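Here the structure is laid out as structure tokens; the discussion comes afterwards.
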Amino acid sequence: MPDFDTVTPLPPAAKGDFSAMFRALLLPHRIVMLAIALAGLSAMVLMMNWSWLPAYLPKLGEGLLMTLYMLVGSVVMGFLLALPLALAQVSGPAPLRWLALSFCTVIRGTPLLLQLWLFYFGLGSLFAQFPEIRGTWLWPYLRQPWPYGLIALTVSFAAYQGEVMRGAFAGVPNGELEAARAFGMSRFKVFHRVWFPRAVHRALPTLAGEIILQLKSTPLVATITVTDLYAVITRVRQATLLTYEPLLFLVAVYICLSAVLILALRWLENRVPTGH
Amino acid sequence: MDQPAIEIRDLHKSFGDLEVLKGVSLTAHPGDVVAVIGGSGSGKSTMLRCINMLELPSSGEIAIQGEAYGLHPARGGGLEPIDPKQVQRIRAQLGMVFQNFNLWPHRTVLGNVIEVPIQVLGVPRDKAIARARQVLARVGLAEKEDVYPSFMSGGQQQRCAIARVLAVDPLAMLFDEPTSALDPELVGEVLSVIRDLAQEKRTMILVTHEMAFARDVASHVIYLRDGLIEEQGPPEQIFGAPQSAHLRQFISSVV
Numbered sequence: 002m003p004d005f006d007t008v009t010p011l012p013p014a015a016k017g018d019f020s021a022m023f024r025a026l027l028l029p030h031r032i033v034m035l036a037i038a039l040a041g042l043s044a045m046v047l048m049m050n051w052s053w054l055p056a057y058l059p060k061l062g063e064g065l066l067m068t069l070y071m072l073v074g075s076v077v078m079g080f081l082l083a084l085p086l087a088l089a090q091v092s093g094p095a096p097l098r099w100l101a102l103s104f105c106t107v108i109r110g111t112p113l114l115l116q117l118w119l120f121y122f123g124l125g126s127l128f129a130q131f132p133e134i135r136g137t138w139l140w141p142y143l144r145q146p147w148p149y150g151l152i153a154l155t156v157s158f159a160a161y162q163g164e165v166m167r168g169a170f171a172g173v174p175n176g177e178l179e180a181a182r183a184f185g186m187s188r189f190k191v192f193h194r195v196w197f198p199r200a201v202h203r204a205l206p207t208l209a210g211e212i213i214l215q216l217k218s219t220p221l222v223a224t225i226t227v228t229d230l231y232a233v234i235t236r237v238r239q240a241t242l243l244t245y246e247p248l249l250f251l252v253a254v255y256i257c258l259s260a261v262l263i264l265a266l267r268w269l270e271n272r273v274p275t276g277h
Numbered sequence: 181m182d183q184p185a186i187e188i189r190d191l192h193k194s195f196g197d198l199e200v201l202k203g204v205s206l207t208a209h210p211g212d213v214v215a216v217i218g219g220s221g222s223g224k225s226t227m228l229r230c231i232n233m234l235e236l237p238s239s240g241e242i243a244i245q246g247e248a249y250g251l252h253p254a255r256g257g258g259l260e261p262i263d264p265k266q267v268q269r270i271r272a273q274l275g276m277v278f279q280n281f282n283l284w285p286h287r288t289v290l291g292n293v294i295e296v297p298i299q300v301l302g303v304p305r306d307k308a309i310a311r312a313r314q315v316l317a318r319v320g321l322a323e324k325e326d327v328y329p330s331f332m333s334g335g336q337q338q339r340c341a342i343a344r345v346l347a348v349d350p351l352a353m354l355f356d357e358p359t360s361a362l363d364p365e366l367v368g369e370v371l372s373v374i375r376d377l378a379q380e381k382r383t384m385i386l387v388t389h390e391m392a393f394a395r396d397v398a399s400h401v402i403y404l405r406d407g408l409i410e411e412q413g414p415p416e417q418i419f420g421a422p423q424s425a426h427l428r429q430f431i432s433s434v435v
């Protein structure tokens, strides 16, 4: 629902002053909009068919776990992979720089869906042809779809985040690094104590956006038969012949996840005030 | 006489085709306050930055407390350190104050001051904090230890940068135009801190545009012009009876 209120200045509210925030909601047009939203919500709850929900809750829980697993796994591993990609581009020797640049460009320049299918249908069926691979401890994993989903999401996140971190590393003022060197810090210490924390802090707002985008990319893994939340909902729709209720439920879950992520990252960002 | 704290012999430095330093030699004994003056582009900052190898010399020799940097010819011309560890070890004994403060904005004032003692010198955290509080009190920032640098004035930031240097108790302090980035009304507070340190007989090399201040605190003044020392001597002589025409003109143009 769009907020049409762009003209009325908000009454000044101190951070964390909940009574002031509450008063701000009591402007007449806001009360009307809140009432409409509330009416819509109660209509959904009362007039739509939610009888399927309790029976599917365990499956939905498993699906949610898979979604979170895809998100957290790909964000953490992708970020770790993004660091060497960014550093290679900022201060690496020419061949490495070129390699990292082309990796980022190719991955960012092709659809994630395509990468997912190439990994799953390409790599997956290729692995199956080698008895050497089928015999290893890895095979129980490699015959399932989720590792391919995780790899594709990780690679994609690494490419985007590598680009973000490249800018963040390059943007740390040289003087701060020079000061660290002038006091006798080793290359690693300079990186660990100044360059890296400063770059991450600068990149946090962008990182927050990228993580939200990543959350919304996870349903793509349903196309390679990973049963994430979206896949579970698709099954619910097929089984119950309901269209809107499962989809609205999906909307609610993704909104909640996004909200939690946004709040958590904003908290992280505000822990170090830099004033610029 | 003591061993010189800082000794520079025949220092040359080129950036590409541009020769910035054309053979500079300088000796600073413990307790000396050497002021380096000169017009912009005269090579003052470059000379200072060569002392802790932030700029690598093209040729020449630099020794700190008798220990010369081990340098060998680099592939692209010029010199480079044979052993980066040696450079790090010597740098840890030199404190540098920059024109733009270069504090670490992601750490508080206290965090900035304890960083090098803990991370580089291996001082235990509680000792580092106790020492940091002492030096912060000296520069008048005792109340500010939990503040982040970007919330302070330029003068406070520069005093914090000086405290960061004092915390490592350096053999010599290098000042690179410490007041040039400050608003005029903030220059005084920084200069008075530096004046205190000079009176304490701390060895320092001070690149500055503040002529009155240089005359006041320096034990030795060096006038650099076009990458060469044109004139040097005690401040009374340099400012009172300058020999070279360029120096006379320079002094009359800035004072």
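If you read the sequences in order, they're chains E and H. 2 is the number of the first residue of the first sequence in my numbering; add one for each residue after it. 181 is the number of the first residue of the second sequence in my numbering; add one for each residue after it. Just so you know, even glycine gets a beta-carbon here, dropped at the ideal spot from N, CA and C. Just so it is clear, the structure is predicted and the values come from calculations on it, not from any experiment.
In or out: residue i buried (at least 16 other Cβ within 10 Å) or exposed?
i: His202(E); result: buried
i: Ser52(E); result: exposed
i: Trp147(E); result: buried
i: Thr9(E); result: Low confidence applies to Thr9(E): its pLDDT is 49, below 50, so where it sits in the model is not reliable enough to give any reading.
i: Thr219(E); result: buried
i: Asn175(E); result: exposed
i: Glu81(E); result: The sequence as given places Leu at residue 81(E); Glu does not occur at that position. Its Cβ having fewer than 16 others within 10 Å, Leu81(E) is exposed.
i: Pro253(H); result: exposed
i: Asp212(H); result: buried
i: Thr226(E); result: exposed
i: Cys230(H); result: buried
i: Asp363(H); result: exposed
i: Gly257(H); result: exposed
i: Thr137(E); result: exposed
i: Ala95(E); result: exposed
i: Trp284(H); result: buried
Give the interface partners of residue i over in chain H, defined as CB-CB distance under 9 Å, in chain order.
i: Ala180(E); result: Met276, Phe278, Phe281, Asn282, Leu283, Trp284, Ala341 and Arg344
Output, in chain order, the set of chain E residues within a Cβ distance shorter than 8 Å of residue i.
i: Leu234(H); result: Glu179, Arg182 and Ala183
i: Arg271(H); result: Arg182, Ala183, Phe184 and Gly185
i: Gln245(H); result: Chain E residues near Gln245(H): none, gap ~14 Å exceeds 8 Å.
i: Val289(H); result: None at all; the shortest Cβ gap to chain E is about 13 Å.
i: Gln337(H); result: Residues of chain E passing the Cβ test: none, with the nearest at roughly 11 Å.
Mapping DSSP to helix, strand and coil, what is residue i?
i: Val204(H); result: strand
i: Pro358(H); result: coil
i: Leu234(H); result: coil
i: Ser433(H); result: helix
i: Lys381(H); result: coil
i: Pro279(E); result: Any question about residue 279(E) goes unanswered here, given that chain E covers just 2 to 277.
i: Ala25(E); result: helix
i: Ile242(H); result: strand
i: Ile262(H); result: coil
i: Glu390(H); result: coil
i: Ala347(H); result: coil
i: Val214(H); result: strand
i: Asp190(H); result: strand
i: Pro364(H); result: helix
i: Ala185(H); result: coil
Report all residues from its chain with a CB closer than 8 Å to the CB of residue i; omit the five preceding and five following residues, and keep chain order.
i: Leu243(E); result: Asn50, Trp53 and Val237
i: Gly320(H); result: Arg339, Glu369 and Val373
i: Leu262(E); result: Ala209, Ile212, Ile213 and Leu216
Residue i touches chain H at which residues, Cβ-Cβ below 8 Å?
i: Lys190(E); result: Gln299 and Val300
i: Arg199(E); result: Trp284, Pro285 and His286
Whose C-beta lies closer than 6 Å to the C-beta of residue i among residues of the same chain, with five residues either side of it excluded?
i: Val200(H); result: Lys193, Gly223, Thr226 and Gly407
i: Phe195(H); result: none
i: Glu241(H); result: Arg189 and Ala248
i: Ala183(E); result: none
i: His286(H); result: none
Name the chain H residues whose beta carbon is nearer than 7 Å to that of residue i?
i: Val273(E); result: His286
i: Val156(E); result: The contacting residues do not exist; Val156(E) stays about 30 Å from chain H at best.
i: Val195(E); result: Trp284
i: Gly176(E); result: Phe278, Asn280 and Asn282
i: His202(E); result: His286
Who are the near neighbours of residue i in its chain, counting only those whose CB is closer than 7 Å to its CB and skipping five residues on each side?
i: Thr288(H); result: Glu325, Asp326, Val327 and Tyr328
i: Phe184(H); result: It should be noted that the sequence gives Pro, not Phe, for residue 184(H). Excluding residues within five positions, the ones whose Cβ falls inside 7 Å are Thr207, Ala208 and His209.
i: Glu235(H); result: Lys193, Thr226 and Arg229
Quick one: which chain E residues come within Cβ less than 7 Å of residue i?
i: Val296(H); result: Phe184
i: Val214(H); result: Result: empty, since nearest Cβ-Cβ is about 18 Å, beyond 7 Å.
Quiz item: At what residue ranges does the region 271-343 of chain H contain a whole run of the beta strand (DSSP E), taking only runs of 3 or more?
Solution: For the region 271-343 of chain H, the continuous beta strand (DSSP E) assignments of 3+ residues that do not extend past its boundaries occur at 274-277, in sequence order.
Quiz item: Which runs of the alpha helix (DSSP H) fall wholly inside the region 27-51 of chain E and span at least 4 residues, in chain order?
Solution: Counting whole runs of 4 or more residues, the region 27-51 of chain E contains the alpha helix (DSSP H) stretches 29-48.
Self-check item: Minimum length 4: unbroken alpha helix (DSSP H) runs contained in the region 219-246 of chain E
Solution: List check, alpha helix (DSSP H) in window: 230-241.
Quiz prompt | Runs of beta strand (DSSP E) wholly within the region 398-430 of chain H (minimum 3 residues, chain order) | solution = You should have 400-405 and 408-413.
Quiz item: Which residue spans inside the region 175-214 of chain E form an unbroken alpha helix (DSSP H) run of at least 4?
Solution: Complete alpha helix (DSSP H) runs here, min 4: 175-183.
Quiz item: Quick one: complete alpha helix (DSSP H) runs, 4+ long, within the region 65-141 of chain E?
Solution: The region 65-141 of chain E contains these whole alpha helix (DSSP H) runs: 95-109, 113-118, 125-129 and 132-135.
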